[in-house]
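Novice: Before we start, here is the structure in question, set down as structure tokens.
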Amino acid sequence: MNYTAQQIAEITHSQLIGDGTQLVKNIAFDSRTIYSTKDTAFIAIKTQQNNGEKYIASAVEKGISIIIAEKQLFESDSIVWLITDNTIDFLQKLARHHLHQFSLQTIGIAGSNGKTIVKEWLYQSLCNDFSVVKSPKSFNSQIGLPLSLLQINAEHQIGIFEAGISQPNEMHRLEQIFSPKVGILTHIGSAHLANFESEAQLIDEKLQLFSKSEILFFNGDNDLVYRKINEIYSTKTLISYGFEPHNDIKITSDWNDRQEDISVQYFDEVITFPAQQRDAATLSNALAIIAILKHFGFENEIIIEKLNQLKSVEMRLESAIGVRNNLIINDSFNLDLDSLKIAFQFIKEYNKPEKVLVLTDFVEGKDLNTLYDTVAQLINEQNFDKIFLVGQEITKRRNLFHSETFTFSTTNELTDSLHLNKIENSLILLKGARKFEIEKLKSLLELQKHDTVLEVNLNAVLHNINVHKSFLKPETKMMAMVKAYSYGLGGYEIAEFLQHHHIDYLGVAVADEGADLRKNGITTPIIVMNPEQHSYNAVIEYNLEPNIYSFRVLDLFHKQLKQANFVGNFPIHIKIETGMHRLGFKEFEIDELLQKLKTMNVKVASIFSHLSSADVPEERDYTLNQIAHFQKVSDRLMSGLGYTPIRHILNSSGILNYPEHQFDMVRIGIGMVGVSYNEKIKPLLQSAVTFKSVISQISDIQKGESIGYSRKYIAEENTRVATIPVGYADGVPRLLSNKNGFVGIKGKKMPIVGNVCMDMMMVELKDLNAKEGDEVVIFNGEPSLEEFAVYCNTIPYEVLTSISRRVKRVYIKN
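Residue numbers (the UniProt record's numbering): 1 to 814.
Spelled out as structure tokens, the structure:
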């Protein structure tokens with residue numbers, strides 16, 4: 001994209017205020033992740049849950065001088081404004097116009113699963129033969145698709161773009177922007193089905209993208225999909241692929257037999273190729289690639305060669321605590337300009353004072369000089385303190401980089417140099433092409449090396465927060481509970497992520513937790529729910545806000561304020577007892593409380609209470625009585641104060657079950673993880689935590705032999721047993737011994753046998769095709785966190801908070 005502000009105003013019928021000659025080559029929509037300000041405009045997008053106008057000042061502060069918004073917020077000679085009636089419509093109009101300036105071959109991909117993998121594999125298969133542009137990662141929404149289309153330039157011959165929907169009527173809007181000549185419909189599953197009346201409606205919506213396509217490739221294993229496509233698009237060229245025999249492209253060999261190559265029948269031809277990964281999803285995606293490559297005229301030998309060269313697509317970035325107080329960001333799975341930009345967006349979420357980049361050669365791309373000029377320009381804008389370059393090509397261009405730069409031919413040469421051992425208190429971004437194996441550096445730099453890992457998906461955390469926010473008014477504030485090491489997920493790492501995403505308050509249990517967050521750069525208001533009397537100095541010193549629940553606590557805290565010579569009104573939070581019978585002022589104490597508050601240098605920032613049974617449908621009347629009592633007492637308290645504090649009573653379950661009583665703020669805790677006892681809401685949430693390990697050893701056990709301490713399990717038949725390096729010191733309780741608990745291996749639940757040890761446990765494999773080093777899921781998929789809690793005879797809260805600190809926390813972002 002390369003337009004002047006004046007041209008954009010004319011294309012989108014917007015009002016231009018300021019210098020119309022300024023160039024716009026990029027559009028940013030998130031002020032937090034702006035990685036480049038050169039020729040970049042910021043668009044203040046309005047949604048039901050947020051208003052981008054709130055972040056215009058932040059974008060300007062970062063150096064943006066062109067703003068796209070629905071109103072001009074302030075006048076400035078240095079700012080160019082493009083004023084539009086609707087910012088999303090603006091983006092889509094601009095993308096539609098831009099696309100029509102070029103005559104490239106367009107491929108559109110829709111479906112529930114596999115869109116991004118198929119897109120990335122197509123790109124890998126075609127990029128050396130054509131100039132190809134594609135959607136970055138999974139940019140496929142009402143905002144993501146137009147932003148993707150704006151990347152097209154005159155050199156591109158093929159454009160591969162995803163289109164994703166989650167609500168009815170969304171695909172019609174996307175099709176108005178983008179009508180692909182070639183269509184691909186991948187597997188239709190249950191994703192987003194909760195928002196549609198039926199599977200048929202979901203299919204009809206997705207098929208709208210292909211109304212003007214000349215040819216449509218589709219996964220034909222779903223009978224309803226197969227029937228609808230043949231009815232609706234009977235005049236088009238239709239090619240189906242899948243496992244069912246009626247498909248045009250299908251697997252004819254036993255794909256579970258690893259001794260045999262995969263045989264694919266393509267109409268009357270047979271194509272045979274080896275395959276290491278043989279799950280149904282991978283092979284289905286491979287069939288789609290074969291279909292498209294045949295469409296582009298590639299010979300079978302070339303197609304097989306391209307299939308053999310396909311690389312798995314890791315659509316995630318990982319962060320983990322490193323040695324010497326470093327933070328390791330691992331994005332060593334693939335390397336192209338899109339993923340580099342997204343990595344730069346990701347690291348904006350962290351507050352480390354110094355940044356270090358490890359970057360390898362790019363292995364794709366023909367015009368290397370232009371490519372590396374662009375790469376260097378992007379990197380120089382990030383202000384890295386040190387850059388380590390690895391590879392033959394990128395090291396030739398070290399003079400393009402402004403930071404202190406070191407060059408190495410191989411990853412081993414970098415490791416041997418010991419330069420990385422001197423880095424401390426820094427963020428280290430590992431970004432490389434897979435062949436350089438810079439993931440080895442992650443192992444070298446990580447603080448913890450334990451094979452047992454608690455993996456926290458930050459995208460899922462944010463998704464779950466947004467699901468809960470969808471039940472709230474836009475102005476309702478949200479407090480995230482990060483007590484108990486963020487429910488076991490991690491301390492400041494979670495708080496830092498939430499702060500980056502503008503959470504209004506954080507809640508901790510004790511002052512030590514709040515002080516630790518402050519020491520790590522957290523500036524968001526923090527409420528201490530149980531401020532112990534010996535912690536009041538820390539509360540005041542670290543600007544924490546205490547929960548005041550009794551006269552004793554109020555008097556002691558006020559005494560400490562006077563001793564500290566605090567000037568001003570310190571924010572406090574008043575807890576009201578409404579039926580939990582744990583902490584809080586009773587109704588009869590309110591008059592005395594008001595009298596005391598008027599004599600003290602404090603200000604009531606919020607009034608709150610806690611629901612005891614918001615997750616229990618049978619206790620609805622009791623919960624409503626709690627809420628009514630809270631309303632009555634807080635009204636009386638506010639009337640006496642003469643001002644209006646924030647009020648809040650709803651927890652995660654309360655948000656979903658009693659949204660009409662949201663007051664001014666709500667509190668989210670276990671809901672962030674994806675746990676809900678509301679059966680209607682469960683399908684909308686995503687599991688945010690995976691507890692996993694690996695198989696250390698597999699042993700053949702004969703019938704009658706014993707397993708583990710005290711010989712509590714005797715094999716009933718000849719079998720195989722895997723030893724897993726995780727035990728009760730890690731958070732797997734001993735009561736799961738001897739088939740009382742199960743773990744997931746190869747997608748199947750396998751029983752724990754023998755007594756769980758402190759650092760190990762044994763799992764019966766029987767005839768499962770597993771090998772040493774394979775992954776073991778303790779909870780997430782099979783079994784789920786809720787199922788694991790049932791094994792443990794407890795609740796998910798206790799499971800999460802029982803996971804030992806020695807278990808490495810890894811934070812991923814898809």
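Glycine included, every Cβ here is placed at the ideal spot set by N, Cα and C.
Is it buried or exposed for Asn425, if we count other Cβ within 10 angstroms and need 16 for buried?
Specialist: The count along the sequence shown starts at 1 and reaches residue 425 at position 425. Classification of Asn425: exposed, given that the 10 Å Cβ count is below 16.
Novice: So is Phe74 buried or exposed if we call it buried at 16+ other beta carbons inside 10 Å?
Specialist: Numbered from its first residue, the sequence shown carries residue 74 at position 74. Exposed is the call here.
Novice: At the 9 Å Cβ level, is Leu307 part of the contact set with chain B, yes or no?
Specialist: Given the protein chain composition of this structure (a single chain), no chain B is represented.
Novice: Does DSSP put Lys431 in a helix, a strand or coil?
Specialist: Numbered from 1 along the sequence shown, position 431 holds the residue referred to as residue 431. Residue state, collapsed to three classes: strand.
Novice: Using three-state DSSP, classify Phe384 as helix, strand or coil.
Specialist: Residue 384 sits at position 384 when you count from the first residue of the sequence shown. Three-state DSSP puts Phe384 in coil, outside helix and strand.
Novice: May I have the straight-line CA-CA distance separating Phe218 from Tyr241, to the nearest angstrom?
Specialist: In the sequence shown, counting from the first residue as 1, residue 218 sits at position 218. In the sequence shown, counting from the first residue as 1, residue 241 sits at position 241. If I take the Cα positions, the gap works out to 6 Å.
Novice: Once DSSP output is grouped into helix, strand and coil, what is the label at Lys712?
Specialist: Start at 1 with the first residue of the sequence shown, and residue 712 comes out as number 712. Coil at Lys712, not helix or strand.
Novice: Please go through the stretch 433-515 and give each complete beta strand (DSSP E) segment of 3 or more residues, from N-terminal end onward.
Specialist: Listed in chain order, the complete beta strand (DSSP E) runs (minimum 3 residues) inside the stretch 433-515 are 453-457, 477-481 and 505-508.
Novice: Please name the residue or residues paired with Met580 in a DSSP beta bridge.
Specialist: Sequence index remark: in the sequence shown, residue 580 carries index 580 (1-based). For Met580, which the question treats as bridged, DSSP gives no partner whatsoever.
Novice: Quick one: what's Ala41 bridged to in DSSP?
Specialist: Working through the sequence shown from its first residue, we reach residue 41 at position 41. Beta-bridge pairing links Ala41 to Ile27 and Ile66.
Novice: Near Gly521, which residues of its chain fall below 6 Å by C-beta distance, leaving aside the five closest residues on each side in sequence?
Specialist: Working through the sequence shown from its first residue, we reach residue 521 at position 521. Cβ neighbours of Gly521 beyond the five flanking positions: Asn351.
Novice: Along the chain, where does the beta strand (DSSP E) that runs through Arg720 open and close?
Specialist: Position 720 of the sequence shown, counting from 1, holds the residue named residue 720. Counting along the chain, the beta strand (DSSP E) containing Arg720 begins and ends at Thr719 to Ile724.
Novice: Taking its Cβ as the centre, do 16 or more other Cβ atoms sit within 10 Å of His610, making it buried, or is it exposed?
Specialist: In the sequence shown, residue 610 corresponds to position 610, counting from 1. Classification for His610: buried.
Novice: Starting from residue 867 and walking both ways along the beta strand (DSSP E), at which residues does that stretch end?
Specialist: Residue coverage of the chain in this structure runs from 1 to 814, which leaves residue 867 outside it and unanswerable.
Novice: Note down, one range per segment and in chain order, each alpha helix (DSSP H) of at least 4 residues found wholly within the stretch 373-420.
Specialist: Listed in chain order, they are 392-395 and 411-417.
Novice: Assign Glu155 to buried or exposed, taking buried as 16 or more other Cβ atoms, counted over all protein chains shown, within 10 Å of its Cβ.
Specialist: On the sequence shown, position 155 is the one that residue 155 refers to. Exposed: under 16 other Cβ atoms inside 10 Å.
Novice: Measure the beta-carbon distance from Leu224 to Glu197 and round it to whole angstroms, keeping in mind my assumption that it falls under 8 Å.
Specialist: Within the sequence shown, numbered from 1, the residue matching residue 224 stands at position 224. Within the sequence shown, numbered from 1, the residue matching residue 197 stands at position 197. Going by Cβ atoms, the distance from Leu224 to Glu197 rounds to 14 Å, so no, they are not a contact pair.
Novice: Select from Val756, Thr395, Gly674 and Glu214 the residue whose C-alpha is nearest the C-alpha of His463.
Specialist: Within the sequence shown, residue 463 is the residue found at index 463, counting from 1. His463 has its Cα closest to that of Gly674, out of Val756, Thr395, Gly674 and Glu214.
Novice: First and last residue of the beta strand (DSSP E) that includes Met762?
Specialist: Sequence index remark: in the sequence shown, residue 762 carries index 762 (1-based). Taken as a continuous stretch (DSSP letters only), the beta strand (DSSP E) holding Met762 covers Met761 to Glu764.
Novice: Taking the continuous alpha helix (DSSP H) assigned at Asn230, which residues delimit it?
Specialist: Your numbering for residue 230 matches position 230 in the sequence shown. Looking at the DSSP string, the run of the alpha helix (DSSP H) that includes Asn230 is Asp223 to Ile232.
Novice: May I have the straight-line CA-CA distance separating His661 from Ile627, to the nearest angstrom?
Specialist: Translated into the one-based positions of the sequence shown, residue 661 becomes position 661. Translated into the one-based positions of the sequence shown, residue 627 becomes position 627. Answer to the nearest angstrom: the Cα atoms are 8 Å apart.
Novice: Could you name the residues of the same chain whose beta carbon sits closer than 7 Å to that of Gly189, not counting the 5 residues immediately before and after it, in chain order?
Specialist: Within the sequence shown, the letter at position 189 stands for residue 189. Hits under 7 Å: Ser112 and Asn113.
Novice: Give the straight-line distance between the Cα atoms of Phe566 and Gln560, rounded to the nearest whole angstrom.
Specialist: The residue given as residue 566 occupies position 566 in the sequence shown. The residue given as residue 560 occupies position 560 in the sequence shown. Those two C-alpha atoms are separated by around 9 Å.
Novice: DSSP state of Phe344, grouped into three classes?
Specialist: As a working mapping, residue 344 is identified with position 344 in the sequence shown. If DSSP states are grouped into helix, strand and coil, Phe344 belongs with the helices.
Novice: When the Cβ atoms of the stretch 683-691 are set against those of the stretch 777-796, are three or more pairs found closer than 8 Å?
Specialist: Taking 8 Å as the limit for Cβ pairs, the verdict is that the stretch 777-796 does touch the stretch 683-691.
Novice: Between the stretch 338-345 and the stretch 442-462, are three or more C-beta pairs nearer than 8 Å?
Specialist: They do not touch, by the three-pair rule.
Novice: Hey, quick one: how far does the alpha helix (DSSP H) through Phe742 stretch, first residue to last?
Specialist: Taking the first residue of the sequence shown as position 1, residue 742 is located at position 742. From DSSP, Phe742 is part of no alpha helix (DSSP H) but of the beta strand (DSSP E) over Phe742 to Ile745.
Novice: Which residue marks the beginning of the alpha helix (DSSP H) containing Met638, and which one marks its end?
Specialist: As a first step, residue 638 must be located in the sequence shown, where it is residue number 638. From DSSP, the alpha helix (DSSP H) with Met638 extends over Arg620 to Leu641.
Novice: Residues bridged to Pro645 by DSSP?
Specialist: As a position in the sequence shown, residue 645 is number 645, starting the count at 1. DSSP output for Pro645 lists no bridge partner at all.
Novice: Please name the residue, chosen from Lys422, Thr476, Lys813 and Ile117, that lies closest to Val456 on a Cα-to-Cα basis.
Specialist: Within the sequence shown, the letter at position 456 stands for residue 456. Here the closest residue by C-alpha is Lys813.
Novice: If we call anything under 9 Å between Cβ atoms a contact, is Val182 one with Leu216?
Specialist: Position 182 of the sequence shown, counted from the start, is the residue given in the question as residue 182. Position 216 of the sequence shown, counted from the start, is the residue given in the question as residue 216. Yes, the pair counts as a contact, with Cβ atoms nearer than the cut-off.
Novice: For the ligand MN, is there a heavy atom less than 8 Å away from the beta-carbon of Tyr55?
Specialist: In the structure on display, the ligand MN does not appear, and there are no ligands present to speak of.
Novice: In angstroms with no decimal places, state the Cα-to-Cα distance between Leu145 and Gly164.
Specialist: As a position in the sequence shown, residue 145 is number 145, starting the count at 1. As a position in the sequence shown, residue 164 is number 164, starting the count at 1. Their backbone Cα atoms lie some 9 Å apart in a straight line.
Novice: How many Å lie between Thr719 and Gly754 at the Cα?
Specialist: Here residue 719 is taken as the residue at index 719 of the sequence shown, counted from 1. Here residue 754 is taken as the residue at index 754 of the sequence shown, counted from 1. The alpha-carbon atoms of Thr719 and Gly754 are separated by roughly 14 Å.
Novice: With which residues is Asn51 paired in a DSSP beta bridge?
Specialist: Position 51 of the sequence shown holds residue 51. DSSP, once it has assigned bridges, lists Lys46 as partnering Asn51.
Novice: Using CA coordinates, which residue listed in Asn169, His295, Ser710 and Leu430 is at the minimum distance from Thr237?
Specialist: Along the sequence shown, one-based indexing puts residue 237 at 237. The shortest C-alpha separation from Thr237 is found at His295.
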